[in-house]
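>
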Amino acid sequence: MRTYFNTMLAYQLWREAFSMYPWPLVKRVKRCWDKLKKWFNNNFPEAEATLRRGASESNIEQLQTLLKVKLPLPTRLLYRFHDGQELPEKRNPKTASGSWLGIIGGYSFYNHSVNVYLLPLNQVIAKTRYVIRHLGFSSRSKCIVMASSFTFSRKVFFLNCTNGQLFVGTRKPLTDGEMIPCVPNTLIRSVHDLYGEEQQDAMLLWLEEHGRRLENGIIKVRKEGDDRSINLFPEVPPLCVTTVTNGVQVRASAVFVPEFADLVDEAEKFTFAYSIRMSLLPEGCIINGMTFVSCQLNRRHWIIRADGEVVSSVDDEAVIGEYPLLHPGEGEFVYQSCAPLPSPSGSIEGHFTFVPGRLADPRGGPFEVQVARFPLEMPDYVF
């Protein structure tokens with residue numbers, strides 16, 4: 001009986017703490033966080049451990065006073081439950097692995113690596129002041145920094161506190177015209193109305209969609225070296241394609257890279273990173289009924305399209321300077337590259353040329369491993 005009364009008392013105190021907010025919105029925000037935390041607890045507990053305790057009303061009021069903004073109701077509530085994440089100390093080598101624990105995740109290609117954290121309120125204040133002071137960002141825009149990459153590559157998300165939209169910076173994030181909205185505008189409503197129906201701003205919609213993608217396995221945790229992180233390259237159809245040729249399996253998918261977008265460049269306005277994962281199935285490389293215990297890549301051939309028209313054709317040796325040698329049942333050889341497009345819609349398809357055995361000791365003639373067409377599309381939700 002005592003446990004029952006203690007539980008009821010705790011629930012009553014909890015309800016009183018959120019009494020100034022619409023109760024359906026409180027429950028919705030709690031469901032959003034519960035779904036995210038359940039997934040992180042099961043799949044990536046080290047990232048869940050970075051979530052901070054909820055911010056107080058006085059913390060939120062201080063931010064609003066210092067930045068001269070009024071937070072949308074859903075964002076206020078999101079921060080009442082969790083005040084963003086504990087951030088890695090960039091200058092401390094002991095916490096270097098912590099740079100990959102962002103709950104939004106990221107990607108890497110060549111020397112560009114991104115991993116996005118949800119900022120705590122004190123860093124929202126500090127980073128917003130920085131971009132206003134040093135990057136020429138206008139305080140009149142009522143945009144504040146909400147999430148950021150903590151690698152050496154810059155990627156920044158801004159919340160417009162007036163209309164509730166979330167934007168991501170491009171190469172030149174100085175005005176709303178040079179930023180890209182992260183959520184469909186038509187879904188945002190009643191962001192400041194205590195008595196409105198179904199209040200939802202971009203931050204809430206964005207985190208709900210992120211939780212859906214994690215829960216459905218569209219994106220997953222990937223390990224590179226000793227570090228694990230949420231990888232934004234899709235892992236399931238139709239955004240990820242899989243083809244098998246002579247026992248060689250190739251998986252391919254792409255992600256939009258907003259921080260490389262240049263909205264005034266007609267030829268290379270949009271950039272997409274793509275991830276290729278290749279492996280040799282356990283039965284080995286099979287050609288004309290003969291089985292080989294290895295095969296090695298020699299060349300690649302790509303056809304890149306924008307709006308259905310061919311804009312680039314690549315035929316060259318190796319991939320990122322490597323000639324991967326595949327053996328049955330080993331892990332995937334993974335590499336990333338990128339492709340700029342003049343439009344937000346395109347595709348890549350092609351093939352790799354392999355030889356059975358190895359290049360230095362081929363056991364037969366070359367054969368082509370197909371890569372099915374996979375999309376390069378700017379999505380409705382940008383992460």
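Going by full-length UniProt numbering, the sequence shown opens with residue 1, and the numbers climb by one from there.
Think of the CB as a built atom: it goes at the ideal place given N, C-alpha and C, for glycine as much as any other residue.
If you count every other CB in all the chains shown that lies within 10 Å of the CB of Asp201, and 16 or more means buried, which is it?
Per the 10 Å Cβ criterion, buried.
> When the Cα atoms are used, what is the spatial distance from Pro45 to Glu86?
Looking at the two C-alpha atoms, the distance is approximately 14 Å.
> According to DSSP, simplified to helix, strand and coil, what is Ala126?
It is helical.
> What residue range does the beta strand (DSSP E) around Pro340 cover?
Note, Pro340: beta strand (DSSP E), 333-341.
> Can you tell me where the alpha helix (DSSP H) with Glu309 in it begins and where it stops?
Segment 309-317 is the beta strand (DSSP E) holding Glu309; no alpha helix (DSSP H) there.
> Would you tell me roughly how many angstroms separate the C-alpha atoms of Asn115 and Thr151, rounded to the nearest one?
Looking at the two C-alpha atoms, the distance is approximately 6 Å.
> CA-CA distance, Leu239 and Leu376?
The alpha-carbon atoms of Leu239 and Leu376 are separated by roughly 9 Å.
> With Gly217 and Trp39 assumed to form a contact (beta carbons below 8 Å), what rounded beta-carbon distance in angstroms separates them?
Actually they are not in contact, since the Cβ atoms of Gly217 and Trp39 sit about 10 Å apart, beyond 8 Å.
> What are the boundary residues of the beta strand (DSSP E) that Val369 is part of?
Residues 367-377.
> Which same chain residues, not among the five before or five after Tyr335, have their C-beta less than 6 Å away from its C-beta?
Only Ile276, Val319, Ile320 meet the Cβ criterion.
> Within its chain, find whatever has a CB closer than 8 Å to the CB of Phe18; leave out the 5 residues flanking it on each side and keep chain order.
Val26, Leu77, Arg80.
> Throw me the rounded Cβ distance for the Ser229 and Gly84 pair, which I believe falls under 8 Å.
Ser229 to Gly84, Cβ: 17 Å. No contact.
> Starting from the C-beta of Val183, find all residues in its chain whose C-beta is less than 7 Å away, skip the five residues before and the five after it, and write them out in chain order.
Within the same chain, Val183 has close Cβ partners Gln165, Leu166, Ala202, Leu205, Trp206, Tyr381.
> By DSSP's criteria, Arg248 is part of a beta bridge. Which residues make up the other side?
For clarity, residue 248 is Val in the given sequence; the question names Arg instead. For Val248, which the question treats as bridged, DSSP gives the partners Thr245, Leu280.
> Label Ser253 either buried or exposed according to how many other C-beta atoms from any shown protein chain fall within 10 Å of its C-beta, with 16 as the threshold for buried.
The residue is buried, with at least 16 neighbouring Cβ atoms inside 10 Å.
> Nearest to Lys70 by alpha carbon, out of Ala49, Ile103, Arg140?
Lys70 has its Cα closest to that of Arg140, out of Ala49, Ile103, Arg140.
> Under 8 Å by Cβ, that's how I've got Val124 and Leu63 pegged, so tell me the actual separation to the nearest angstrom.
Rounded, the Cβ-Cβ distance is 6 Å, consistent with contact.
> Residue range of the alpha helix (DSSP H) that Ile60 falls in?
Its alpha helix (DSSP H) spans residues 57-67.
> Please go through the same chain and pick out, in chain order, the residues whose beta-carbon is closer than 7 Å to the beta-carbon of His327, but skip the five residues on each side of it.
Same-chain partners within the cutoff: Leu280, Val293, Ser294.
> Alpha carbon to alpha carbon, how far is Asn59 from Asn122?
Cα to Cα, the separation comes out at about 9 Å.
> From the DSSP output, in three-state form, read off Ala254 for me.
Of the three classes helix, strand and coil, the one that applies to Ala254 here is strand, per DSSP.
> Run through the DSSP bridge pairs and tell me what Pro356 is partnered with.
According to DSSP, which records beta bridges pairwise, Pro356 is partnered with Cys295.
> Is it right to say Glu197 is buried, meaning 16 or more other beta carbons lie within 10 angstroms of its own, or is it exposed?
Result: exposed.
> Out of Pro24, His112, Met20, Leu73, which one is the CA nearest neighbour of Cys338?
Among Pro24, His112, Met20, Leu73, the Cα nearest to that of Cys338 belongs to His112.
> Alpha carbons only, please: which of Ala306, Glu322, Arg358, Tyr323 is nearest the one belonging to Arg373?
Nearest option by C-alpha distance: Ala306.
> Anyone know if the C-beta pair for Lys142 and Asn160 falls short of 8 Å?
Yes; because the gap between Cβ atoms is below 8 Å, this pair is in contact.
> Can you tell me where the beta strand (DSSP E) holding Met179 begins and where it ends?
Met179 -> beta strand (DSSP E) spans 179-181.
> Between which two residues does the beta strand (DSSP E) containing Asp227 stretch?
It spans 227-231 - the beta strand (DSSP E) in which Asp227 sits, taken as one unbroken run.
> Return the bridge partner residues of Leu118 from the DSSP annotation.
Partner(s): Ala147.
> If you run the structure through DSSP and keep just helix, strand and coil, what is Ile303?
Looking at Ile303 - three-state DSSP - the assignment turns out to be strand.
> From what residue to what residue does the beta strand (DSSP E) around Arg213 run?
Looking at the DSSP string, Arg213 is not in any beta strand (DSSP E); the run it does join, the alpha helix (DSSP H), is 202-215.
> Let me know the secondary structure DSSP gives His134 once reduced to three states.
Helix.
> With DSSP as the reference, label Leu101 as helix, strand or coil.
If DSSP states are grouped into helix, strand and coil, Leu101 belongs with coil.
> By how many angstroms is the C-alpha of Lys223 removed from the C-alpha of Val241?
Cα to Cα, the separation comes out at about 21 Å.
> Going by C-alpha distance, which of Val314, Pro324, Trp23 is nearest His351?
Nearest option by C-alpha distance: Val314.
> Over what stretch of residues does the beta strand (DSSP E) that includes Leu159 continue unbroken?
Its beta strand (DSSP E) spans residues 156-160.
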